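Numbering (the working numbering), first residue to last: 14 to 165. Reading through the structure tokens given below for one structure.
What follows is the structure, given as structure tokens:
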């Protein structure tokens with residue numbers, strides 16, 4: 014299990030190859046890539062700045078991965094989350110899960126991403142045509158995370 018918080022971009026292919034390298038038990042790899050959009054809440058977004066609480070952020074994400082490993086047959090998992098100033102089309106987050114079977118990989122990947130959105134300490138500020146604004150938590154993210162309390 015690996016968690017990286019970084020300013021630099023990531024290479025998805027290289028990260029997937031490294032995660033599954035030499036492990037003949039891997040039968041499935043599921044991944045999610047989050048990307049900066051150029052519009053949010055009806056306004057044009059020129060850039061987004063992501064901040065976090067070093068140490069606390071990594072620990073929160075590690076705990077999310079441990080929960081996923083407790084629910085599904087996960088062989089390994091990787092989360093890379095970028096911080097700093099990002100532009101539209103820049104990659105923000107990468108979640109990769111390996112398992113023996115696709116169902117476990119898909120479910121664990123989705124669970125990790127849903128919990129990242131609601132439980133990892135990140136703060137986002139968007140620069141729009143109307144000025145800077147902090148991005149509030151979305152009710153839809155809470156609903157997505159809540160559904161995992163009902164099923165495993």
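We put the beta carbon where it would ideally sit given N, CA and C, even for glycine. Quick caveat, the model's predicted, so the values are computed rather than measured.
Per DSSP, the unbroken beta strand (DSSP E) holding residue 60 starts and ends at 56-65.
The alpha carbon of residue 140 has as its nearest neighbour, out of 104, 63, 108 and 34, the alpha carbon of 63. If you check the CB distance, residue 78 and residue 17 do not come in under 7 Å.
The alpha carbon of residue 118 has as its nearest neighbour, out of 35, 129, 26 and 40, the alpha carbon of 40.
About 13 Å separates the beta carbons of residue 45 and residue 81, which is beyond the 8 Å limit, so they are not a contact pair. Nearest in C-alpha terms to residue 70, of all of 149, 132 and 161, is 132. Contact annotation: residue 89 and residue 129 have beta-carbon atoms that are not nearer than 7 Å.
The three-state reading of DSSP puts residue 23 in coil, since its state is none of H, G, I, E or B. Rounded to whole angstroms, the gap between the alpha carbons of residue 49 and residue 121 is 23 Å. Each residue's CA atom was taken as its position, placing residue 25 and residue 127 some 20 Å apart. In this chain, the alpha helix (DSSP H) harbouring residue 80 covers 69-84. The Cβ neighbour count for residue 85, taken over all protein chains shown within 10 Å, is at least 16; the residue is labelled buried. A check of alpha carbon separations from residue 75 across 91, 60 and 66 identifies 91 as the nearest.
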